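One structure below.
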Amino acid sequence: MKIHSTSGVLQAVGLAACLAMAGVATAQPAAKPQPTQEVKPQPGLTTGRTAPAGQPAAPATSKVAPVPQPTEPAPLKFTDENFDFGKISDTAPVTHEFAFENISGKRIVIKAANAGCGCTTPKFKDDKKVFEAGESGTISVTFDPKGRKGAQPKNVTVMFEDTAYPNQVINFSANVVPLVFLDPSKVHFTEVMKATGAVQTIHVIGRKEGFKVTGVEGANEILSVRLLEPIAGEDNGDPVTKYPLEVTLAKDAPVGNHNTTLIIRTNDEKSPEARVMALAQVVGELKANPPGFIVRVTDPAKPFTTEVQLETRSHIPFEIASVEVDSKQDLALVADYEATTVNGNPGYIIRVSGVTPAAPGAMNGSVIIKSSIEGEELTVNLFGAVRNPNAAAKPGVPVTTSPSGKKIELTPSLPPGVTPQNTTDTPMGPAKQSPTKDATSKTEPAKQAPATTKETPAKEAPAKK
């Protein structure tokens with residue numbers, strides 16, 4: 033596929049933008065010299081950024097206020113600043129009261145007591161936070177162990193209205209031994225080659241005497257389960273019963289991401305069910321790098337071009353049969369591709385051009401690639417975000433290039449400190465929904481989207497010869 037240069041208009045715009053960035057101005061008639069005037073300094077008045085000759089520079093008038101540092105000792109004396117709940121079950125919250133006395137010799141006001149974790153809730157008795165000299169009080173700390181296992185060190189920080197007093201920290205810990213738990217706690221099949229399948233085994237572990245798994249729900253044709261015979265074991269010094277649960281990814285699972293939630297039923301009245309998410313990523317020969325089309329243009333209603341490299345995992349030669357684009361937003365997407373080499377192997381560069389939405393927010397789309405490899409179809413997601421144009425000054429306009437070194441577009445750069453949002457494709461995602469014919473044909477018509485290659489509407493991308 034041949035590469036065509038941009039139009040004269042785009043070249044002129046790009047040249048002007050580049051000159052502007054370099055600080056080069058076009059020729060202008062020379063201004064007539066103006067006579068200079070001597071300005072005599074007035075008493076008490078300084079002009080410009082430097083002091084008059086022979087005088088020291090005026091000191092800066094703006095200073096950063098220092099952070100107040102505590103000057104008084106800790107005002108509260110706790111009966112015990114550390115408490116250990118010991119071994120506890122995961123079925124119910126536990127509470128401990130920390131008693132204290134105001135030893136500051138003054139009236140104190142407690143501003144807040146902040147927990148270091150959402151599982152912890154501190155509360156003052158009767159919500160009392162003002163204490164006279166010598167007065168006592170308590171803070172009750174409640175810890176919810178649900179969903180936790182093993183050692184759990186936690187803390188609560190007490191802060192005062194008077195910043196002359198330092199913050200005070202009280203600590204507690206617990207060893208959570210859940211009645212029913214899973215080991216490992218998740219099922220995750222990553223990059224399983226199509227037509228191969230895979231098997232993972234987790235254990236459902238219970239402490240109750242005579243513990244049994246009574247059923248498993250949530251399996252399907254792609255992710256099936258098989259419950260094996262129980263075995264005796266030990267955990268944290270306690271005898272336990274372990275049920276192996278075999279999760280199988282089907283060999284005929286289609287390329288894409290799949291998931292399901294497995295609900296495990298037990299005979300333990302205090303912990304009647306456990307849940308585990310089973311995730312699977314099935315891949316084919318086609319591989320995109322990066323795994324998503326990243327749109328780095330963040331201004332609204334601006335043209336963009338983004339690209340990925342396409343190759344095969346076994347490095348076999350192939351041809352692109354078609355490229356289709358789809359988006360629920362009006363992005364004026366147009367796709368194009370050209371043959372290249374990727375890591376010394378046959379491959380393609382696939383480019384997508386379009387226009388960012390007029391309104392701030394996330395932008396999303398997808399590119400469906402079909403190839404000469406039988407049964408191979410790859411969907412590559414398009415990500416980007418349009419920021420509020422009033423949030424920052426308009427950035428410059430650099431030239432981006434393809435891996436081959438060809439100039440492909442003039443796109444605004446990001447201002448300092450701003451990074452694109454949602455610009456990376458996660459390896460896992462929701463269960464794959466097989467695209468219907470209608471879904472893949474929702475290609476937005478091109479609306480004069482600038483492109484530096486021969487534009488091919490998504491639905492009509494011819495096979496590469």
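All letters in the sequence shown, in the order written, are residues 33 to 497 by my numbering. We put the beta carbon where it would ideally sit given N, CA and C, even for glycine. This one's a predicted model, so the numbers in the text were calculated from it and none came from an experiment.
Secondary structure at lysine 226: coil, using DSSP grouped into helix, strand and coil. Its Cα nearest to that of tyrosine 380, the residue Thr372 stands out among Val387, Pro198 and Thr372.
Residue burial annotation: threonine 273 is buried, with at least 16 other C-beta atoms found within 10 angstroms of its C-beta. If you look at asparagine 146, you'll find it in the beta strand (DSSP E) that goes 140-147.
In its chain, beyond the 5 residues on either side, Pro276 and Glu278 have a beta carbon closer than 6 Å to the beta carbon of threonine 233. Annotated as distal: aspartate 358 and serine 404, with beta-carbon spacing of 7 Å or more. When C-beta atoms of the segment 288-296 are compared with those of the segment 309-319, three or more pairs fall below 8 Å, so the two segments count as touching.
For serine 256, the enclosing beta strand (DSSP E) begins and ends at 255-259. Nearest to proline 177 by alpha-carbon distance, out of Ile401, Val212 and Ala285, is Val212.
Distance between phenylalanine 115 and phenylalanine 163, taken at the CA atoms: about 24 Å.
If you draw a straight line from the Cα of glutamate 223 to the Cα of leucine 414, it comes to about 20 Å. The Cβ atoms of glycine 376 and methionine 395 lie no closer than 7 Å to each other. Look at lysine 157 here: in three-state DSSP terms it is helix. If you draw a straight line from the Cα of arginine 139 to the Cα of phenylalanine 110, it is about 17 Å long. Taking all protein chains shown into account, aspartate 112 has fewer than 16 neighbouring C-beta atoms within 10 Å of its C-beta and is therefore exposed. With contacts defined as CB atoms closer than 7 Å, valine 231 and lysine 119 fail to qualify as a contacting pair.
When only Cα atoms are considered, valine 190 and valine 219 end up about 41 Å apart. Distance from glutamate 129 to serine 168 at the Cβ level is roughly 12 Å; contact not present, criterion being Cβ atoms closer than 8 Å. In the three-state reduction of the DSSP assignment, valine 399 falls in the strand class, which pools E and B. Taken through DSSP and simplified to helix, strand or coil, phenylalanine 221 comes out as strand. Cβ contact annotation for glutamate 104 (same chain, cutoff 6 Å, sequence separation greater than five): Ala196 and Tyr197, in chain order. In this structure glutamate 317 is buried. Its beta-carbon is surrounded by 16 or more other beta-carbon atoms within 10 angstroms.
Straight across, the Cα-Cα distance linking threonine 337 with arginine 419 is about 18 Å. Taken through DSSP and simplified to helix, strand or coil, lysine 360 comes out as coil. Ranked by Cα distance from asparagine 321, the first of Arg180, Thr152, Val412 and Ala364 is Val412.
Rounded to whole angstroms, the Cβ separation of alanine 124 and valine 188 is 20 Å, and the two are not in contact under 8 Å.
Shown here for phenylalanine 117: same chain residues with a beta carbon closer than 6 Å to its own, the five before and five after excluded, namely Val126 and Ala206 in chain order. Proximity to proline 389 across Asp270, Leu259 and Lys334 peaks at Lys334, based on C-alpha coordinates.
Linking threonine 152 to proline 304 through their CA atoms gives a straight-line distance of about 25 Å. The criterion of a C-beta distance shorter than 7 Å is not satisfied by proline 102 and serine 136.
Bridge partners of proline 276 according to DSSP: His235.
Inclusion of isoleucine 400 and glutamate 356 in the CB contact set at 7 Å is warranted, their separation being smaller than that value. When the five nearest sequence neighbours on each side are left out, the beta carbons in the same chain lying within less than 7 Å of the beta carbon of lysine 302 are those of Thr123 and Leu211, in order along the chain.
Selection Asp159, Gln200, Glu249 and Leu255 evaluated against alanine 285 yields Leu255 as nearest (Cα-Cα).
Excluding sequence positions up to five before and after valine 257, its CB lies within less than 7 Å of the CB of Val248, Ala251, Leu277, Glu278, Val279 and Leu294, all in the same chain and listed in chain order.
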